[in-house]
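Just below is one structure, and these are the notes that go with it.
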């Protein structure tokens, strides 16, 4: 009997798969995390990683980038950085966990993100996890660090701000699915919405999904 997943809120039929992946991650974290201060390194499954305060990404880096690039430039760069982070994480993690089906490779991303400490994912009805141009992901990031730390710093927003989160999820899923995918945040807690909600789609269909983004709010 499988327990309720700890990391991802998803339709019930995905619960056994999520629970099995969670077990794999816990084994890896318990047995393959190495702290080597004498070398100035932290290793996870043989890969170099770094512990970093999330406020650096959510607040400090954004403030610095706005001064240099302006608001739009900062948003674009944070998205691109997030996408690179997500793609690289998938390249490093997917080979060391047991995944067979396409859905397993994709869902392994939100689980890894939760264990990494920066987001929990809620998959919403209407997702279509396929490796062609009909791909679509409809999801929310409750308790995500970008909006939480922004508001905790006493800041407000008039539009969605979680560009790193959007990029990270698009990067992981692009690698997992084998398509160039993009993601857009359509609702954001930092802007006063009830949730941080995203849609993800093939990059080749960006304009189509932007035209109907309001349908998913």
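Residue numbers (the numbering used here): 245 to 461.
Just so it is clear, CB atoms sit at the ideal spot from N, CA and C, and this is done for glycine as well.
### Query
Residue range of the alpha helix (DSSP H) that residue 357 falls in?
If you look at residue 357, you'll find it in the alpha helix (DSSP H) that goes 346 to 360.
### Query
In terms of residue numbering, what span does the beta strand (DSSP E) encompassing residue 387 cover?
Per DSSP, residue 387 belongs to no beta strand (DSSP E) and is neither H nor E.
### Task
Going by DSSP, name the residue or residues bridged to residue 368.
As computed with DSSP, residue 368 is found in no beta bridge at all.
#### Entry: Alpha-carbon to alpha-carbon, residue 260 and residue 309
Each residue's alpha carbon lies about 42 Å from the other.
### Closest by C-alpha distance to residue 303, when choosing among 425, 454, 398
Residue 303 has its Cα closest to that of 398, out of 425, 454, 398.
### Task
Would you kindly check if the distance between the Cβ of residue 447 and the Cβ of residue 349 is under 7 Å?
Against a cut-off of 7 Å, the Cβ pair of residue 447 and residue 349 comes out as no contact.
### Task
Just tell me which of 328, 296, 278, 300 has its CA closest to the CA of residue 290.
Per the Cα distances, 278.
### 8 Å Cβ shell around residue 250 - same chain, five flanking residues per side excluded
Only 266, 358 meet the Cβ criterion.
### Message
At 4 residues or longer, what runs of the alpha helix (DSSP H) sit wholly inside the stretch 273 to 337?
### Response
Counting whole runs of 4 or more residues, the stretch 273 to 337 contains the alpha helix (DSSP H) stretches 305 to 337.
#### Entry: Burial state of residue 535, where buried means 16 or more other Cβ atoms lie within 10 Å
In the structure displayed, the chain extends from 245 to 461; residue 535 sits before or after that span and is not available.
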